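Worksheet: one structure, shown below.
Residue numbers (our numbering): 98 to 376.
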């Protein structure tokens, strides 16, 4: 039998098929490569979208945590500080009007304990609200000379940070508060001591160091808060060393404080550009 052909050897259809066949075979790998690249790009976009959703979820959790901490801080301030203040007032009156010396001395002791309790409360509130604290007013490296000049501490400032360096606002604020708290510690626990403030930028880390010698007269540095393990002293917003350590950690850095020779050292390592989570 004969096979009926729909086209002759020289027809346009046969010629087109003869030309397109090799072209399609040659283009096949290219087309497959494009399809594979498109699939990879789509997979990458899906991965990025999932990561973005996860970040948004974490940020929402951070914002909720910040709001809860702020609420707790307000409640503690409103309730606890009111009662502690009343105790301090009553203790002050007792120290003056009590009939016996023993009772008056007891009033003085109660007043001191109340004052310490208020300091610890402010530090606790500062930690709770650390992520909520806004950078406002003085709080940049440019403000450090005036801070040191008005601190009452005989301190020198060595600034090795290039003038052209760009630092995050949160980083500068944390550095400022670190120096402020360290100077306050010196005034209270090592009066008359000389100090040195050093700032340096290494790679993407801002180093802040405040070192002081012994108090005037050579007495050892005193105070239960020196190791930085207890409540802070409440400089500025009342964060103390505890709050400053918490702030540094939130920014991805660290803060250490402790004896150094016959004096004391506060050292902070802060990311060059940082933003507090939830901010």
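Cβ atoms here follow ideal geometry from the backbone N, Cα and C, with glycine treated the same way.
A quick note: this is a predicted structure, and the numbers were derived from the prediction, not measured.
- A straight line joining the alpha-carbon of residue 187 with that of residue 206 spans about 12 Å.
- In the structure shown, residue 368 adopts extended strand secondary structure according to DSSP, grouped into three states.
- Burial check for residue 278: the Cβ neighbour count within 10 Å reaches 16 or more, so the residue is buried.
- In this structure, DSSP gives residue 141 a helical state, which the three-state scheme calls helix.
- For residue 357, the enclosing beta strand (DSSP E) stretches over residues 351–357.
- Looking at the DSSP output, residue 256 shares a beta bridge with 296.
- Rounded to the nearest whole angstrom, the C-alpha separation of residue 236 and residue 265 is 12 Å.
- For residue 360, the secondary structure class from DSSP, reduced to helix, strand or coil, is strand.
- Residue state for residue 263 is assigned as coil, using DSSP reduced to three classes.
- Following the DSSP letters along the chain, one finds residue 304 inside the beta strand (DSSP E) bounded by residues 302–309.
- Under the DSSP definition of a beta bridge, residue 240 lacks any partner.
- In the assembly as shown, residue 165 is an exposed residue. Its beta-carbon has fewer than 16 other beta-carbons within 10 Å.
- Listed in chain order, the non-local C-beta contacts of residue 276 below 7 Å within the same chain comprise 241, 244, 294, 305 and 307, local neighbours out to five positions each way being set aside.
- Bounds of the alpha helix (DSSP H) holding residue 339 are 337–347.
- Rounded to the nearest whole angstrom, the CA to CA distance from residue 297 to residue 191 is 52 Å.
- Rounded to whole angstroms, the gap between the alpha carbons of residue 346 and residue 198 is 48 Å.
- Burial check for residue 271: the Cβ neighbour count within 10 Å reaches 16 or more, so the residue is buried.
- Of 280, 312 and 357, the smallest CA-CA separation from residue 289 is found for 312.
- Out of 238, 343, 252 and 246, the CA that lies nearest to the CA of residue 260 is found in 238.
- Residue pairing for residue 291: DSSP places it in a beta bridge opposite 251.
- Counting C-beta atoms within 10 angstroms of its own C-beta, residue 247 has fewer than 16 neighbours from the protein chains shown and is therefore classed as exposed.
- Scanning its chain for C-beta atoms nearer than 8 Å, with the 5 sequence neighbours on each side dropped, one finds around residue 314 the residues 289, in chain order.
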